[in-house]
Ligand SMILES: CC(C)(COP(=O)(O)OP(=O)(O)OC[C@H]1O[C@@H](n2cnc3c(N)ncnc32)[C@H](O)[C@@H]1OP(=O)(O)O)[C@@H](O)C(=O)NCCC(=O)NCCS
């Protein structure tokens, strides 16, 4: 049975498009949640990726007109007290690998702060991103997840995702880390699931 307090908690948040002035709080959520999520999953030397200056630069660049023109789109979860607790970034598929040919959209990042997880915000953020991808004519999407990130894998599987590819990346401090890509065939179902 659904715990009613969870529903009330999630309803305290609004999902809205990210604005340029959200760049700094989004970068802070990105780094803090990244550290909390990965510190027990990856070697310490790979944690260099949790660099706030790098994320600030990235998000200040992403939330610009030029970036929007390329089809990138971000949404945030904002509490009634105007604090941000999560974000999603979606856009056109970056991979040219054959496994992604049927997935013209991509969920590039989805982060909900630890204390706000498990209340439906991940689903609502993903739904906002999915809705935007569909509006752009991108009817299916993929998402990369660290293979060791069992929590996110469970989430994407619950969202209808199925494994379509793997890769080993060394961009985090030169440490090889395996990632798995999930393909989501029915973005409309995710959008429908959050419509009251
Ligand atoms: C993964 C993440 C985005 C999920 O967000 P969340 O707000 O905790 O998830 P929700 O509460 O919206 O869960 C939505 C549904 O997925 C289910 N779910 C969530 N995690 C699950 C898991 N590990 N296994 C199975 N189901 C899961 C929930 O039970 C819920 O199901 P329901 O809507 O049918 O009741 C969030 O935990 C997070 O930000 N983690 C850290 C960062 C990260 O790993 N990001 C993903 C990689 S980029």
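Residue numbers (the working numbering): 1274 to 1469.
No residue lacks a Cβ here, since even glycine has one placed at the ideal position from N, Cα and C.
How would you write the range of the beta strand (DSSP E) that residue i sits in, first residue to last?
{"i": "residue 1445", "result": "1434-1445"}
{"i": "residue 1478", "result": "The displayed coordinates of the chain run from 1274 to 1469. Any statement about residue 1478 would go beyond what the structure contains."}
{"i": "residue 1382", "result": "1378-1385"}
Using 10 angstroms around the beta-carbon of residue i, count the other beta-carbons present and answer buried if the total reaches 16, otherwise exposed.
{"i": "residue 1281", "result": "Reliability fails at residue 1281, whose pLDDT of 46 lies under 50, so the model's placement of it is uncertain and no value is given."}
{"i": "residue 1338", "result": "exposed"}
{"i": "residue 1445", "result": "buried"}
{"i": "residue 1303", "result": "buried"}
{"i": "residue 1443", "result": "exposed"}
Of the choices the options, whose alpha-carbon is the least far from that of residue i?
{"i": "residue 1291", "options": "1462, 1332, 1394, 1415", "result": "1332"}
{"i": "residue 1325", "options": "1385, 1307, 1336", "result": "1307"}
{"i": "residue 1241", "options": "1340, 1357, 1341", "result": "Any property of residue 1241 remains undetermined from this structure, which presents the chain solely from 1274 to 1469."}
{"i": "residue 1463", "options": "1447, 1287, 1296, 1405", "result": "1405"}
{"i": "residue 1298", "options": "1318, 1314, 1359", "result": "1359"}
{"i": "residue 1419", "options": "1334, 1432, 1433, 1448", "result": "1448"}
{"i": "residue 1450", "options": "1421, 1436, 1313", "result": "1421"}
{"i": "residue 1440", "options": "1454, 1431, 1433", "result": "1454"}
{"i": "residue 1366", "options": "1289, 1378, 1355, 1467", "result": "1378"}
{"i": "residue 1314", "options": "1452, 1296, 1414, 1293", "result": "1452"}
{"i": "residue 1457", "options": "1336, 1468, 1424, 1411", "result": "1411"}
{"i": "residue 1349", "options": "1318, 1316, 1300, 1426", "result": "1300"}
Starting from residue i, trace the alpha helix (DSSP H) both ways and give me its first and last residue.
{"i": "residue 1371", "result": "Here residue 1371 belongs to no alpha helix (DSSP H), and DSSP marks it neither H nor E."}
Measure the beta-carbon distance from residue i to residue j and round it to whole angstroms, keeping in mind my assumption that it falls under 8 angstroms.
{"i": "residue 1239", "j": "residue 1381", "result": "No answer is possible for residue 1239: the residues shown for the chain start at 1274 and end at 1469."}
query = In chain order, which beta strand (DSSP E) runs of at least 3 residues are fully inside the segment 1287-1362?
reply = 1346-1352
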